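Residue numbers (the working numbering), protein chains in the order written: chain A, 338 to 498; chain B, 150 to 339. Here a beta-carbon is modelled for each residue, glycine too, at the ideal position from N, C-alpha and C. Note that the structure is a prediction, hence the values are computed from the model and not measured.
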């Protein structure tokens, strides 16, 4: 009988890893494009409230953030809720000039879309937030957003009260 | 000539993957994918003098929501729990007392609002109210409007409001425009 079957080598061929760099580069580019560096170091504690009727803030470059909450370093700043503007704690009186400065940085055509996002802690009292709102009105920054986390359902919000 | 035979040695690309991995891990760690989301609000422009007493806005067209410093709700001078607020606000907006709103399905109670374009919700809070409670109340009021808009969109176009084209969305938001006023803080007490 003629030998039809070829003798196969039992060893499995090694998996080629030549495409590994390509895959890794692809992932790398994805993360490089989507990454946003943290703009500020938070000096205050912020636990955002939850809500269901939320809208996305899609233009980050047109948004200015104002953080409110109890300071992290209570020995230095006390435990009363404070306002954080960029990298420092400020008072309500500083808000107006801060917002005007921020708005100046934006291209003039897009200034009407300027939005202030208020990232406040759930335990902040409305007195401070009302003061802030008055200052924003004085600075003609009328588009604001109360920053919240999405809640699953309205029922989830009724639990505490 | 002997020199021509020398070939350029290939650069070893084996470490390329390592470098890429290093960068990849760096970006993986630093990346934050959070998109800022929130309740969008438009503030009224600042004016030095207090707003004039507008007699044209009739008492019955204003839905007063008070939140005191104990985070309790007083809606139209009655104590209310948060889960009931949405339904109460919907009844008020959709009431259609003068019958001018053709798309409304309201009860046409003469003591409540005349039509959705005249109905105003006034949200007042104490300086001691918690921000969390305020956002929840605000969320319920916005929810009342979006539910009404959705219901109308389903009736008219058979789709929810978000899925409509821009033209249809404006048509519906003209039927139910949002009038929520955040009054300056008062001492509601409690």
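Residue 426 (chain A) carries a strand assignment under DSSP once its states are collapsed to helix, strand and coil. At a cut-off of 7 Å, the C-beta of residue 164 (chain B) has no neighbouring C-beta in chain A. Scanning its chain for C-beta atoms nearer than 6 Å, with the 5 sequence neighbours on each side dropped, one finds around residue 235 (chain B) the residues 289, 292 and 293, in chain order. Under the DSSP assignment, residue 400 (chain A) falls in the beta strand (DSSP E) whose first and last residues are 400–406.
At a cut-off of 7 Å, the C-beta of residue 170 (chain B) has a neighbouring C-beta in chain A. Where residue 305 (chain B) is concerned, the enclosing alpha helix (DSSP H) starts and stops at 280–306.
A straight line joining the alpha-carbon of residue 366 (chain A) with that of residue 186 (chain B) spans about 26 Å. At a cut-off of 7 Å between beta-carbon atoms, residue 390 (chain A) makes contact with chain B. In the same chain as residue 260 (chain B), and ignoring 5 residues on each side of it, the C-beta atoms closer than 7 Å to its own belong to 209, in chain order. The segment 358–372 of chain A makes no contact with the segment 398–410 of chain A: fewer than 3 CB pairs, one atom from each, lie closer than 8 Å. When only Cα atoms are considered, residue 460 (chain A) and residue 361 (chain A) end up about 44 Å apart. With contacts defined as CB atoms closer than 7 Å, residue 273 (chain B) and residue 237 (chain B) fail to qualify as a contacting pair.
Spanning the alpha carbons of residue 165 (chain B) and residue 476 (chain A) requires a straight line of approximately 52 Å.
With distances taken between CA atoms, residue 267 (chain B) lies nearest to B:249 out of B:197, B:249 and B:168. Residue 247 (chain B) sits away from residue 255 (chain B), with the two beta carbons spaced by 7 Å or more. One thing to note: residue 435 (chain A) has its Cβ no nearer than 7 Å to the Cβ of residue 443 (chain A).
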